[in-house]
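Numbering (the numbering used here), first residue to last: 209 to 264.
All C-beta atoms, glycine included, are put in the ideal place defined by N, C-alpha and C.
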């Protein structure tokens, strides 16, 4: 019985660890996407601003 219980506990810990890792990965991805979007918006702002202020 103790053996089975230990395996279950290990499995549960593994799942919890996995969930934490997934959560971290998701939050890191969201941060990276946010940075990329900000950079893209900044670039668009520079491009559009440059075109508007310097019409050719």
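C-alpha gap between residue i and residue j, whole angstroms
| i | j | result |
| --- | --- | --- |
| residue 220 | residue 234 | 21 Å |
| residue 213 | residue 249 | 53 Å |
| residue 251 | residue 224 | 40 Å |
| residue 266 | residue 246 | Nothing in the structure corresponds to residue 266, since the chain is present only between 209 and 264. |
| residue 227 | residue 256 | 42 Å |
| residue 229 | residue 254 | 37 Å |
* Write down every uninterrupted run of the alpha helix (DSSP H) in the region 213-242 whose length is 4 residues or greater and which is fully enclosed by it, in chain order. => List check, alpha helix (DSSP H) in window: nothing returned.
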